[in-house]
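Protein chains: 2
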Amino acid sequence: MRDVAVIGIGMTKWGELWEKSLRTIFVETALLAIDDAGVDRLDSMVVGCMSSGLFIGQEHLTSLLSDYLGKNPVPAARVESACSSGGLALRQGFIEVASGMSDIVLVGGVEKMTDVTGCEATYALGTAADQEYEGYHGLTFPALYAMMAVAHMHKYGTTREQLAMVAVKNHENGSKNPLAQFPFKISVEAVLQSVLVADPLHILDCSPITDGAAAVILCPADMAKKMKKPVVRITGSGHATDTIALSSRKDMAWLESTHLAGQKALAMAGQKIGDIDLFEVHDCFTIAEIMITEALGLVEQGRGGKAVEEGLTALKGKFPVNPSGGLKAKGHPVGATGVAQAVEVIKQLRGEAGERQVKGAKRGLTQNMGGTGGSSLVHVFEAD
Amino acid sequence: MRDVAVIGIGMTKWGELWEKSLRTIFVETALLAIDDAGVDRLDSMVVGCMSSGLFIGQEHLTSLLSDYLGKNPVPAARVESACSSGGLALRQGFIEVASGMSDIVLVGGVEKMTDVTGCEATYALGTAADQEYEGYHGLTFPALYAMMAVAHMHKYGTTREQLAMVAVKNHENGSKNPLAQFPFKISVEAVLQSVLVADPLHILDCSPITDGAAAVILCPADMAKKMKKPVVRITGSGHATDTIALSSRKDMAWLESTHLAGQKALAMAGQKIGDIDLFEVHDCFTIAEIMITEALGLVEQGRGGKAVEEGLTALKGKFPVNPSGGLKAKGHPVGATGVAQAVEVIKQLRGEAGERQVKGAKRGLTQNMGGTGGSSLVHVFEAD
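Heads up: the protein sequence lines correspond to chains A and B, in order. Each residue of the first sequence is one higher than the one before, counting from 1127 in the working numbering. Each residue of the second sequence is one higher than the one before, counting from 1127 in the working numbering.
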């Protein structure tokens, strides 16, 4: 397998982009990445999108997107793994370049979520759960994560305030990210006083509904060097699944797929978790980030709540988690999130992250998750 | 890149399977392929499905399917390219094995289309067209292919009877395929007297709505040899896109994406079209098969109608096209079709195709298409 580098990144401002359609959002973003890479051709495209079918009534997505990007007849593949569709796109693009099948591959992620009503969006997102055994019985994602939160609080003594501290930290970071949907700070009190969605989760524990896209350009590391681009390699890729239904898990307070994907990615990279300088992880709900820090091995099982309280995962902590603002503040256009995590890591490893720069960062890790952890994708990046 | 072989195939009877859910159909089929391959593990899964979101309200599909197959935590990716989702799954699985990332990969395709009404199915299938510029203005797929048929008839003199002969030929072949949805013969008169759907296409020019799945197991060719399995290699893979909207094409009577994907696949295989012994192609409508035989270079542009009339593409003709019965008689569960084409080719190259066996077949080709040709996937197979 060939070494793979990221040579271009693109992301536009996320939010409720009512004036733009999915194709417009994607093309604007992809052009930024192509321009950043300075390439004059693409050999292939891989795009992650969870549900353009339910959100905008459009399948056959990559025929559409390659067309509107002006890149026909380029081979173009769409991949879907619910909210980890972007991470899956990154993995498929990585494999394609590593294999020798293609040299220059655009990996994109996109979702247009605000063209439907809130109820329709909740239904569409709910299709990431087991429809026959969860969805049709009334379970929504806030409800599922609320059960995970209760399990974690019961088992480890995680507090309601610790959950809020995840949101506060990520908004603190997000306030330094001009592309974030909600680039402002919030307080623990604000979280606790916000509307209750599914006990114990309040609305400020939840990532928002977002329109947005992200894109990166991959190529063989040798080619990147010749192009005299700053070389950031993808050194590890891990992918694992778990039962789709939360009720089938041995432990509702543990993310086994993230644990396994993390181990695989680190083993491939030849690194230990302590070697990594920053982490972009899937904080779709505050409890998720706490459980992810445990599953990746940043802290011991059950210590995730304490870790955020002690500042371990703050921007200037030992393990900076979600310097971008995470899903909570940056936004969560579901299919785009996994690719946007890579965009942030590349910015950090190039030293281009401005006010939220993690000083001297050389290695970063992304963790992207589908459903309640029914699938997880972890990637490790390293600057030359 | 490593040489890749297919060592297992699985397919169950297709049709309106009201008594089975998508997960059941997929698992039954995947187990047949695993059993046929005789493998005791999977390293990865790739599954093509066009729109489980719109057809059964389920995304995050491969978390579900790996779960119900009992294969968690195996990495499992879903890919989508409308009706060419199965062909795309085959390509992604091929790349994954060729790269060295995984050794034993299950490639599946599945669609459950009969749990919705006919109108809902027409809408779901219509999402393979450009929704903003085609779908919302009332264009359905029979209407789009009807326009292609009219263009072809006008430009080349293709006759209404020649269109019917494609359906007659494929039902003749399908009558020899016990897994086909419609395993019976029809006549030209029956086609011409059947209900008119979109002039000039009658209902017997159209492939049906189908529930079904198909699966193959891939591994490195070296591993297949050691396992003493009959080795059929995938020697070529081609993928190309075209404008998603039919109105944007230079020529409505020509399938450029199929032409380019075919050239790429044959070049990779080091073969010419005349070297291939049989073809499984995407006859979603009768006119499609006629245009595909031209785009692949079996006959000159404009001669596809004449070719079927002269028996060139019959089971015992010079270029047997759709020995399985094709989409027309075998059925068209859209995400499964591209994988089922591979299943048929492997059966033929192993000499296991029974009454519809193409004698002495050594090389076969599959052509799978999305939308009106907005994307095409072509694969070449060769028996050792």
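Just so you know, even glycine gets a beta-carbon here, dropped at the ideal spot from N, CA and C. Note that the structure is predicted; figures quoted are calculated from it, not measured.
*Which partner residues of residue 1434/A appear in the DSSP bridge assignment?*
The secondary-structure analysis by DSSP pairs residue 1434/A with nothing; it has no beta-bridge partner.
_Short Cβ contact (8 angstroms threshold) for residue 1403/A with residue 1338/A_ = no
*Please classify residue 1505/A: does DSSP put it in a helix, a strand, or coil?*
strand
*asked:* For residue 1370/A, tell me which candidate among 1177/B, 1164/B, 1195/B and 1379/B has the shortest Cα-Cα distance.
replied: 1195/B
*By DSSP, does residue 1384/B sit in helix, in strand, or in coil?*
helix
_Whole-Å CB distance - residue 1266/B paired with residue 1458/B, under 8 angstroms assumed_ = Going by Cβ atoms, the distance from residue 1266/B to residue 1458/B rounds to 15 angstroms, so no, they are not a contact pair.
_Assigned exposure category for residue 1505/A - 16 Cβ within 10 Å defines buried_ = buried
*Under the DSSP definition of a beta bridge, which residues are partnered with residue 1324/B?*
According to DSSP, residue 1324/B bridges with 1327/B.
*asked:* So that I know if they touch, is there some Cβ in chain A lying closer than 8 angstroms to that of residue 1497/B?
replied: yes
_Residue of 1360/A, 1425/A and 1496/A minimising C-alpha distance to residue 1469/A_ = Minimum Cα-Cα distance from residue 1469/A among the listed residues 1360/A, 1425/A and 1496/A corresponds to 1360/A.
*Span separating the alpha-carbon of residue 1177/A from that of residue 1274/A*: 25 angstroms
*Taking the C-alpha atoms as reference points, what is the distance between residue 1239/A and residue 1138/A?*
16 angstroms
*Around the C-beta of residue 1133/B, are 16 or more other C-beta atoms found within 10 angstroms, so that it is buried, or is it exposed?*
buried
*CB residue 1136/A to CB residue 1158/A, shorter than 8 angstroms?*
yes
*List in chain order: all unbroken alpha helix (DSSP H) runs of 4+ residues lying wholly within the segment 1416 to 1498 of chain A.*
Within the segment 1416 to 1498 of chain A, the complete alpha helix (DSSP H) runs of at least 4 residues are 1430 to 1435, 1452 to 1456 and 1460 to 1476.
*Got a sec: which bits of the segment 1217 to 1246 of chain A sit with their beta carbon under 8 angstroms from any beta carbon on chain B, in order along the chain?*
Within the segment 1217 to 1246 of chain A, those residues whose Cβ lies closer than 8 angstroms to any Cβ of chain B are, in chain order, 1217, 1218, 1221, 1222, 1224, 1225, 1226 and 1227.
*Per the contact definition of three or more C-beta pairs closer than 8 angstroms, is the segment 1179 to 1197 of chain A in contact with the segment 1243 to 1253 of chain A?*
yes
_Among 1450/B, 1380/B, 1455/B and 1471/B, whose alpha-carbon lies nearest the alpha-carbon of residue 1427/B?_
1380/B
*Where do the N-terminal and C-terminal ends of the beta strand (DSSP E) with residue 1220/B fall, by residue?*
First-last for residue 1220/B: 1211 to 1225, but that is the alpha helix (DSSP H), not the beta strand (DSSP E).
*State yes or no: is the C-beta of residue 1320/B within less than 8 angstroms of the C-beta of residue 1310/B?*
A distance of 8 angstroms or more separates the beta carbons of residue 1320/B and residue 1310/B.
*State yes or no: is the C-beta of residue 1384/B within less than 8 angstroms of the C-beta of residue 1502/B?*
yes
*What is the C-beta distance between residue 1498/A and residue 1372/A, in whole angstroms, given that I count them as a contact (C-beta under 8 angstroms)?*
5 angstroms
*For chain A, find out if any of its Cβ atoms is closer than 8 angstroms to the Cβ of residue 1198/B; answer yes or no.*
yes
*Using the C-alpha atoms, what's the distance from residue 1291/A back to residue 1434/A?*
7 angstroms
*Report yes or no: is there a C-beta of chain B within less than 8 angstroms of the C-beta of residue 1370/A?*
yes
*In angstroms, rounded to a whole number, what distance separates the CA positions of residue 1387/B and residue 1422/B?*
Going by C-alpha positions, residue 1387/B is about 9 angstroms away from residue 1422/B.
*Where the segment 1377 to 1398 of chain A meets chain B: residues whose CB sits under 9 angstroms from a CB there*: 1382, 1383, 1386, 1387 and 1390
*chain A contact residues for residue 1176/B, given Cβ-Cβ distances below 7 angstroms*: 1185
*Delimiting residues of the beta strand (DSSP E) encompassing residue 1345/B*: From DSSP, the beta strand (DSSP E) with residue 1345/B extends over 1338 to 1346.
*Near residue 1151/A, which residues of its chain fall below 8 angstroms by C-beta distance, leaving aside the five closest residues on each side in sequence?*
In the same chain as residue 1151/A, and ignoring 5 residues on each side of it, the C-beta atoms closer than 8 angstroms to its own belong to 1138, 1143, 1236, 1238, 1337, 1338 and 1339, in chain order.
*residue 1278/A burial status per 10 Å Cβ neighbour count (16 or more: buried)*: buried
*Beta bridge counterpart(s) of residue 1205/A as assigned by DSSP*: 1174/A and 1205/B
*Distance, Cα to Cα, residue 1209/B vs residue 1395/A?*
Linking residue 1209/B to residue 1395/A through their CA atoms gives a straight-line distance of about 37 angstroms.
*Can we count residue 1327/A as close to the ligand SAM, meaning its CB is less than 7 angstroms from some heavy atom?*
Inclusion of the ligand SAM in the displayed structure is not the case, the ligand content being empty and no account of it being possible.
*Drop a sphere of 10 angstroms on the beta-carbon of residue 1162/B, count the other beta-carbons inside from all chains shown, and report buried for 16 or more, exposed for fewer.*
Flag for residue 1162/B reads buried.
*By Cβ distance, which residues of its chain are closer than 7 angstroms to residue 1303/A, with the 5 residues on each side in sequence left out?*
Here the set comprises 1309, 1450, 1451, 1456 and 1482.
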